[in-house]
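Data block below; observations after.
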Amino acid sequence: MKPILISAIALVSLVANASTDESPAEALLHNMHQATEQLDYELSYILVRKSSIEPLRFRHAVVDGKSFGQIAYLSGPPREVIRRGDEISYFEPGIDPFTIQSTQMVAPLPAVMQTNIEQLATMYDFVPLGRAREAGVACDVVRVSPKDGERYSYVLWIDQDSKLLVRADLLDRDGDPIEQYRALSVVVSPQVGDMMRQLAKVDLPPVVHLPNKPNTGLSWQVTDLPVGFKPIYRNRHRLLITERPVESQMFSDGLFSFSVYLSEADKFSVPEQLVRKGRRTLHSHISGNAEVTVVGDIPPATAKKVAESVRFIASPKTPNVTEGTPAQPSAAPQ
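Numbered by mature numbering (1 follows the signal peptide of the UniProt record, and there is no 0), the letters in the sequence shown go through residues -18 to -1, 1 to 316 in order.
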């Protein structure tokens, strides 16, 4: 009896210690992620950028064990994104609707809603900032701040009752807002599930199956990545209009992503340029006879450091591109 009692006490102690390893702010983010994936709800929100305000509506429900989602753009030409389990359909003006296999919607939603919180905890600090009121509900406020200062940060407002995200401010390294996601109304109701269930009966475009491609070996690598960024894919292709051969690699830390492009420098190349628009940064420079360009959701200083860290495994040369090789689509957030 005594050994059993000792084992039980040890087990309780381990559980208690494990629970204390998770901060209240991290636990709150786990609750937010769980609510995002499991509740039936509708969010009407606006996406505020420096020179625009875009109204949208997001509905989510679990239908027969699968996550269903729908994003509708409420101004301008009709645009819509529909998720049914691991299939996502896109309806954009000017192009034919299409469906791809994925579990993440490429749409104007905060990336933190679709990411792995445990993975983020190795790269970001979760700092509680108290309580506030947003979208008519009481909220807990948490800052998601990078440990290394080489990426952006978020301040999140999470509904105390539903645990849904009702506001997210994306901040630059100086703490200035780059863009805001702000919910105007939050509805959690089984009726949302009833509406979403109708999507199961809708005929959507067939899934686009991309041809399998062998792993593309490149003659260069990025030697100074911010901690936690990992390669998602690499590719060789030709630009659609100029037929210029390009090699690329895409990296992500689960919250932000960027791509590095390498091509042969020509008379149109400039020694160095930096362009930033909102969250998106473009930095390019010339290395030997190659033009290196970094594009993504990272601060300008980080983009510059990444571009300058590109090293050639072999001597630089024009990318060897197979004629007609298609570029793989990017799943970059927003």
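Note that beta-carbon positions come from the ideal geometry of N, C-alpha and C, so glycine has one too.
**Asked** Helix, strand or coil: which one does DSSP assign to Gly175?
**Response** helix
**Asked** Less than 8 Å separating the beta-carbons of Pro253 and His267?
**Response** yes
**Message:** Classify Thr263: buried if its beta carbon has 16 or more other beta carbons within 10 angstroms, exposed otherwise.
**Reply:** buried
**Prompt:** Apart from the five residues on each side of it in sequence, which residues of its chain come closer than 7 Å, Cβ to Cβ, to Ala89?
**Reply:** Ile53 and Val63
**Prompt:** Looking only at its own chain, which residues have a Cβ that is under 6 Å from the Cβ of Ala7, when we skip the five neighbours before and after it?
**Reply:** Phe108, Pro110 and Val124
**Item:** Sufficient close CB pairs (3 or more, under 8 Å) joining the region 239 to 258 to the region 267 to 286
**Value:** yes
**Request:** Could you name the residues that DSSP lists as bridge partners for Val277?
**Result:** Ser241 and Leu264
**Asked** Leaving out the 5 sequence neighbours to the left and right, which residues in its chain are closer than 6 Å to Ile28 when beta-carbon positions are compared?
**Response** Ile35, Pro37 and Arg164
**Request:** List the endpoints of the continuous alpha helix (DSSP H) containing Ile99.
**Result:** Ile99 to Leu102
**Any 3 or more C-beta pairs closer than 8 Å across the region 173 to 183 and the region 39 to 54** = yes
**Prompt:** Does the separation of the CB atoms of Leu166 and Ala114 fall below 8 Å?
**Reply:** no
**Sequence-distant residues of its chain with Cβ nearer than 6 Å to Pro79 (five each side left out)** = Phe73 and Pro187
**First through last residue of the alpha helix (DSSP H) which encompasses Glu290** = Pro282 to Glu290
**Message:** Which runs of the beta strand (DSSP E) at least 3 residues long sit entirely within the region 104 to 148? Give them in chain order.
**Reply:** 106 to 116, 119 to 128 and 135 to 141
**Message:** Spatial neighbours of Ile(-15) within its chain, please: C-beta separation below 6 Å, excluding the five flanking residues on both sides.
**Reply:** Residue confidence for Ile(-15) is low, a pLDDT of 40 falling below 50, so the modelled location carries little weight and cannot support an answer.
**Asked** Helix, strand or coil: how does DSSP classify Met232 here?
**Response** strand
**Item:** Span separating the alpha-carbon of Pro282 from that of Ala272
**Value:** 20 Å
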